[in-house]
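Here is the structure we will look at, set down as structure tokens.
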Amino acid sequence: MVSVIGSLDFGFVCDLELGIWNLLNMRVHNSDIEAILGAVADLLEIKGDNPFRVRAYRNAVRTIQGLSQSVADLVRQGQDLSELPGLGKDLAGKIREIVETGTLPLLAEMQSEMSAGLTDLLKVPGLGPKRVAALHRELGITTVAELARAAEEGRVHDIEGFGKKTEQRILEETAKLQQRGAQRLGLVVAEQIAEPLAAYLRQVPGVQEVVVAGSYRRQKETVGDLDILAVCRKDNPIMERFIGYEDVRQVVSQGETRSTVLLRSGFQVDLRVVPEVSYGAALMYFTGSKEHNIAIRKIGQAKKLKINEYGAFRGEKRVAGRTEEEVYAKLGLPFIEPELREDRGEIEAARKGRLPRQVQEQGREIDHTNKGLKGFTVLKATELDILEDGSLDLPDEVLRELDLTVCSVHYKFNLSLKQQTDRILKAMENPHFRILAHPTGRLIGAREPYPVDMEEIMKAAQRNGCILEVNAHPERLDLNDIHCKMAKDLGVKVVLSTDAHRLNDFDYMRFGIGQARRGWLEPDDVINTRNLKDLRKLLKR
DNA sequence: GCCGTTTTCGGCCCGACTGTTTTCAGTCG
């Protein structure tokens, strides 16, 4: 903190020398700019202006929220703001104006034309721009207090599109709003609510997964509500159990796939139920952030893919959705950690293989766990992307700490045979490369293998002491039987693995064994058959 | 108002649920 203040002081001295008095006196903060542009967006929306113009203002707010530098400093340094994403010539000019004068004439104009308080009305849950506009037009309401009074006096339900229920809800919500503002919980309190509820839901028979998604999973500093995702069949009684939870005070809405309740504390919890094939897509969807999801869907659109909570679809056909990794991979992206999903540059970083490294912590936990285990050892391993240029997506200093690396191609399937083969060969030269996972990338009936010279790859594996996976997932079976035989003939060891993303998936092992047997493999060819000591030897290069 | 590996105009994310309607608009996430 001290150093930040120090640098500002230093900035002041420079400004004085340059004589830029107006900038000195204002010191417009990013939050000031966000507030002004946000208010413009709200008022434009209430006014019924072009929704895409509204969105442009909101996007600008987000862009500024994601900046680590002060916009005022950027302006001072002469940076062209229109180079920032979502800012064109017009908005860049308006932002410059705010920095230089502290105000925006457009906002002042609209506030005098409509009323500044209208933006507060949007904070009432259930009221959007259309209803706020109607309340203003029909009853001249401009503040939350006026709205509360109108609802009390029963004047709201006469407006077209409003009814008794809406009026009642307005009454409740305005009371809450006036009482304490919008409630957000700290992570500790959120955890105390979320974990027992999730544990309760996991006990419902037939429920395969229960995950708390939303800002809780993103570990945002405060949590506005809880979004819980469950995987089970449609006829599962989980919804009944959910609304019957002892801490539920009110059921806000209830449907087959989604319900919302308020807990006694007033905290809102949503439960969404999805089928197993949609688990990954739904988890992404409900983890958010909304902005990240929008950016993801846009990428999908460009690739002719429709992304929703049920999967990634090409036309009517679901091409991904079971896991988050699968959906990201369809978009040509590696997995992005939930904590990064804010649309603040993480997608671009993922594209370039420059996501921050967050794996060392796990290694320390495994060390700690192993100390308490007898006759059982957890190995440290990770699945790595083979990037387009054949490098791996974690640095050597991280890989050095691992017992095992599982490397695979997850995007850019459409390279030529030579390019794809060279990519993998180059990756194998990395001394930390251990296992090549699902070596052809095929999904049976859904995606053809990418073109690759398997014989070259096996020879390189043999040379470099790398191991090839026989992925036992019934949608993959990769290596296939023919390739298993090729591995045996060339003296390449294989590993059978299930690609398990949940406990039940371990049952897939039998399919992998089936392929290995069809490929003439014997126990000695398969490293799963080794004891720990021999396995470690095999994993050394 | 922004934007472009189907580009300088014509698009702009998508579905569930509620309340108000009598087939859908509005809101939310």
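Note that this note's numbering has the first sequence beginning at 3, numbered continuously upward. Each residue gets a CB set at the ideal place from its N, CA and C atoms; glycine is no exception. Computed from a predicted structure; not experimentally measured.
Terminal residues of the alpha helix (DSSP H) in which residue i lies
{"i": "residue 274", "result": "Taken as a continuous stretch (DSSP letters only), residue 274 belongs to no alpha helix (DSSP H), being part of the beta strand (DSSP E) at 270-276."}
{"i": "residue 186", "result": "Segment: none, residue 186 is in no alpha helix (DSSP H) and carries neither H nor E."}
{"i": "residue 114", "result": "107-115"}
{"i": "residue 139", "result": "131-141"}
{"i": "residue 45", "result": "32-49"}
{"i": "residue 327", "result": "326-332"}
{"i": "residue 91", "result": "91-103"}
{"i": "residue 457", "result": "456-466"}
{"i": "residue 154", "result": "146-154"}
{"i": "residue 242", "result": "240-245"}
{"i": "residue 74", "result": "73-78"}
{"i": "residue 516", "result": "511-520"}
{"i": "residue 302", "result": "292-304"}
First and last residue of the uninterrupted beta strand (DSSP E) at residue i
{"i": "residue 383", "result": "383-387"}
{"i": "residue 310", "result": "308-310"}
{"i": "residue 409", "result": "406-410"}
{"i": "residue 261", "result": "260-265"}
{"i": "residue 252", "result": "250-256"}
{"i": "residue 320", "result": "319-322"}
{"i": "residue 230", "result": "227-233"}
{"i": "residue 380", "result": "Where residue 380 is concerned, there is no enclosing beta strand (DSSP E), given that its DSSP letter is neither H nor E."}
{"i": "residue 211", "result": "211-214"}
Residue i vs residue j beta-carbon contact at 9 Å
{"i": "residue 523", "j": "residue 497", "result": "no"}
{"i": "residue 108", "j": "residue 91", "result": "no"}
{"i": "residue 60", "j": "residue 83", "result": "no"}
{"i": "residue 343", "j": "residue 412", "result": "no"}
{"i": "residue 408", "j": "residue 499", "result": "yes"}
{"i": "residue 334", "j": "residue 222", "result": "no"}
{"i": "residue 442", "j": "residue 433", "result": "no"}
{"i": "residue 146", "j": "residue 180", "result": "yes"}
{"i": "residue 86", "j": "residue 69", "result": "yes"}
{"i": "residue 228", "j": "residue 194", "result": "no"}
{"i": "residue 312", "j": "residue 261", "result": "no"}
{"i": "residue 485", "j": "residue 456", "result": "yes"}
{"i": "residue 520", "j": "residue 483", "result": "yes"}
{"i": "residue 481", "j": "residue 517", "result": "yes"}
{"i": "residue 390", "j": "residue 439", "result": "no"}
{"i": "residue 66", "j": "residue 131", "result": "no"}
{"i": "residue 101", "j": "residue 191", "result": "no"}
{"i": "residue 340", "j": "residue 204", "result": "no"}
{"i": "residue 123", "j": "residue 137", "result": "yes"}
{"i": "residue 462", "j": "residue 417", "result": "no"}
Selected residue, minimal CA-CA separation from residue i, among the options
{"i": "residue 526", "options": "449, 31, 489, 346", "result": "489"}
{"i": "residue 365", "options": "41, 378, 405", "result": "405"}
{"i": "residue 378", "options": "328, 134, 45, 533", "result": "533"}
{"i": "residue 241", "options": "278, 384, 40, 206", "result": "206"}
{"i": "residue 153", "options": "193, 176, 144", "result": "176"}
{"i": "residue 382", "options": "388, 376, 370, 392", "result": "370"}
{"i": "residue 126", "options": "150, 385, 236, 340", "result": "150"}
{"i": "residue 437", "options": "387, 476, 231, 70", "result": "387"}
{"i": "residue 44", "options": "66, 121, 71, 189", "result": "121"}
{"i": "residue 265", "options": "71, 251, 542", "result": "251"}
{"i": "residue 495", "options": "478, 502, 472, 507", "result": "472"}
{"i": "residue 54", "options": "80, 188, 159, 88", "result": "88"}
{"i": "residue 302", "options": "402, 314, 340", "result": "314"}
{"i": "residue 128", "options": "56, 461, 117, 165", "result": "165"}
{"i": "residue 76", "options": "104, 46, 39, 32", "result": "32"}
{"i": "residue 403", "options": "376, 420, 422, 368", "result": "368"}
Per-residue DSSP class, three states only, for residue i
{"i": "residue 528", "result": "strand"}
{"i": "residue 396", "result": "coil"}
{"i": "residue 471", "result": "strand"}
{"i": "residue 346", "result": "coil"}
{"i": "residue 313", "result": "strand"}
{"i": "residue 449", "result": "strand"}
{"i": "residue 283", "result": "helix"}
{"i": "residue 439", "result": "coil"}
{"i": "residue 492", "result": "helix"}
{"i": "residue 16", "result": "Confidence at residue 16 is low in this model, with a pLDDT of 33, below 50, so its placement is unreliable and the value that follows should be read with caution. Helix."}
{"i": "residue 24", "result": "The pLDDT assigned to residue 24 is 44, lower than 50, so where the model puts this residue is not dependable, and the model offers no usable value."}
{"i": "residue 537", "result": "helix"}
{"i": "residue 55", "result": "helix"}
Three CB pairs or more closer than 8 Å across the region 502-512 and the region 458-469: no
The region 205-215 contacting the region 282-301, beta-carbon criterion three pairs below 8 Å: yes
Stretch pair the region 166-173 + the region 192-200: three plus CB contacts closer than 8 Å: Contact fails between the region 166-173 and the region 192-200, because fewer than three Cβ pairs, one in each stretch, are under 8 Å apart.
Cβ pair count under 8 Å reaching 3, the region 336-352 against the region 308-315: no
Any 3 or more C-beta pairs closer than 8 Å across the region 252-261 and the region 319-331: no
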